[in-house]
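One structure is given here, and the rest of the page talks about it.
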Amino acid sequence: MPDSLKNSSTDWQQGSTWRVMLRTALFASLLTSLTAAHGQLAPAPFLLGGEHQLSSDLDGGGSFSRSSVRTRLSAPLFLGEDTIIGVSGSYRFDSFEFDDRTTEPWGDIHRARIGLIAKQDLANDWTWLALSYVGTNAESGADWGESLRYGGLGAAWYRYSDNLSIGLGAGFSTQLEDDLSVFPILVLDWQITDTLTLSTIPPEGFNLGPGATLRWDLRDDLSLSLVYLYQRDQQRLDEDSLAAANGVGETRQSRVALAATYRFSENFSLTGHLGMTIGGELELQNESGDTLTEEDYDSSLVFGLEGSLRF
1 MPDSLKNSST DWQQGSTWRV MLRTALFASL LTSLTAAHGQ LAPAPFLLGG EHQLSSDLDG
61 GGSFSRSSVR TRLSAPLFLG EDTIIGVSGS YRFDSFEFDD RTTEPWGDIH RARIGLIAKQ
121 DLANDWTWLA LSYVGTNAES GADWGESLRY GGLGAAWYRY SDNLSIGLGA GFSTQLEDDL
181 SVFPILVLDW QITDTLTLST IPPEGFNLGP GATLRWDLRD DLSLSLVYLY QRDQQRLDED
241 SLAAANGVGE TRQSRVALAA TYRFSENFSL TGHLGMTIGG ELELQNESGD TLTEEDYDSS
301 LVFGLEGSLR F
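Mind the numbering: the sequence shown is residues 1 to 311 in full-length UniProt numbering, read in order.
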């Protein structure tokens, strides 16, 4: 977009509709990711990884890059023959570096979340899953109480065969300075051949977001994946921020990437990925939720590595 400041009410209404659609897809991916992880709740997987996005030029002038580190630990609270109840906690640190900008929109971001998950296999090949969570997305110096977000969802899916599962559900999520988001959910996992699988479950090393993954299992210990992913992040800004005190920052981007996962043993694996960001946007809002600036940024390379340890 040529201008960093959006004044058109028509553009803003269209953008709002698009953001609602993206929230829906975001939590659909969240559900399918947790669905895939339900079998890992019993051994309590520990994940640790990092990612770097190379410098990208902003339409409004200047450029930025981002480095991230994240960890996650899941543990079972109850294990039954057909029922699993577990808790999962995660933390992600994002460090943004802006160059040639009079005022930096934001800097270091802390993202923490804890969730309770329940899943049960029913008769006749049906399964249901429910999730509730609370989390915070805050820049260093922000009011953490103003950074809290809550959400929940539920879904059920049917196993048509050993190769195909499809289901539906619904969920809700609070937003920073925005209305409650209520959305439908689609669950899909399709094993096309013995070695090729299409699903919305991303490999380890990717943040949650709507997308699709085509995975090729070369061997029992090695797989390659072609991944499309959309990522949207909000954060409460520093109370003393010069850009927007106690405001809200938001980043949005699509990504296409190649990922490789190698399993050294049943308990340890590594996943590396290399990709390109597409259609990236930065948005800055004041503490009332009014958009101050919204600008595009150019495509850039992004790469990362994550290890998974199961006890």
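Note that beta-carbon positions come from the ideal geometry of N, C-alpha and C, so glycine has one too.
Closer than 7 angstroms by C-beta to residue i: which residues in its own chain qualify, once you throw out the five before and the five after it? Chain order, please.
| i | result |
| --- | --- |
| Asn163 | Trp190 and Gln191 |
| Leu77 | Ile85, Gly86 and Val87 |
| Trp157 | Thr127, Ser165, Ile166, Gly167 and Val187 |
| Leu292 | Ala244, Leu284, Gln285 and Asn286 |
For residue i, which residues of its own chain have a beta-carbon under 6 angstroms away from its beta-carbon, when the five flanking residues on both sides are left out?
| i | result |
| --- | --- |
| Glu266 | none |
| Arg149 | Gly135 and Thr174 |
| Glu51 | Ser68 and Gly304 |
| Arg255 | Leu229, Gly275 and Thr277 |
| Ala260 | Leu224 and Gly272 |
| Asp121 | Asp82 and Thr127 |
| Ser90 | Arg72 and Arg113 |
| Asp290 | none |
| Asp298 | Ser56 and Asp57 |
Rank the options by C-alpha distance to the C-alpha of residue i and give the top, closest one.
| i | options | result |
| --- | --- | --- |
| His273 | Leu116, Gly280 and Leu258 | Leu258 |
| Gly247 | Thr71, Phe64 and Glu287 | Glu287 |
| Asp178 | Gly49, Gln234 and Pro210 | Gln234 |
| His110 | Ala243, Glu306, Gln253 and Leu237 | Leu237 |
| Trp126 | Ala155, Arg159 and Ser140 | Arg159 |
| Ser241 | Gly154, Leu198, Ser140 and Phe264 | Ser140 |
| Phe64 | Ala75, Ala118 and Phe96 | Phe96 |
| Ala118 | Arg232, Ser147, Glu146 and Ala75 | Ala75 |
| Leu270 | Gly145, Ser308 and Ser161 | Ser308 |
Compare the beta carbon distance of residue i and residue j with 9 angstroms and say whether it is the shorter of the two.
| i | j | result |
| --- | --- | --- |
| Leu73 | Pro45 | yes |
| Arg215 | Phe268 | no |
| Gly169 | Val187 | yes |
| Leu48 | Thr71 | yes |
| Ala130 | Gly154 | yes |
| Leu218 | Thr193 | no |
| Ser147 | Leu180 | no |
Measure how close the beta-carbons of residue i and residue j come, nearest whole angstrom, since I'm counting them as under 8 angstroms.
| i | j | result |
| --- | --- | --- |
| Ser300 | Leu54 | 5 angstroms |
| Arg101 | Gly62 | 4 angstroms |
| Ala142 | Glu239 | 6 angstroms |
| Val227 | Pro202 | 6 angstroms |
| Arg66 | Asp94 | 6 angstroms |
| Thr197 | Ala212 | Not a contact, Cβ separation roughly 11 angstroms. |
Short of 8 angstroms in beta carbon distance, which residues of its chain neighbour residue i, apart from the five on each side in sequence? Order them along the chain.
| i | result |
| --- | --- |
| Tyr133 | Arg113, Ile114, Gly115, Leu116, Tyr150, Gly151 and Gly152 |
| Gln14 | Legend: pLDDT at Gln14 = 42, less than 50; position of this residue unreliable, value from coordinates given subsequently. Within the same chain, Gln14 has no close Cβ partners at all. |
| Asp221 | Tyr262, Arg263 and Phe264 |
Would you please verify whether the beta carbon of residue i is less than 9 angstroms from any beta carbon of chain D?
| i | result |
| --- | --- |
| Glu283 | Although the question refers to chain D, the structure presented lacks it and comprises just one protein chain. |
The region 100-108 contacting the region 233-251, beta-carbon criterion three pairs below 8 angstroms
yes
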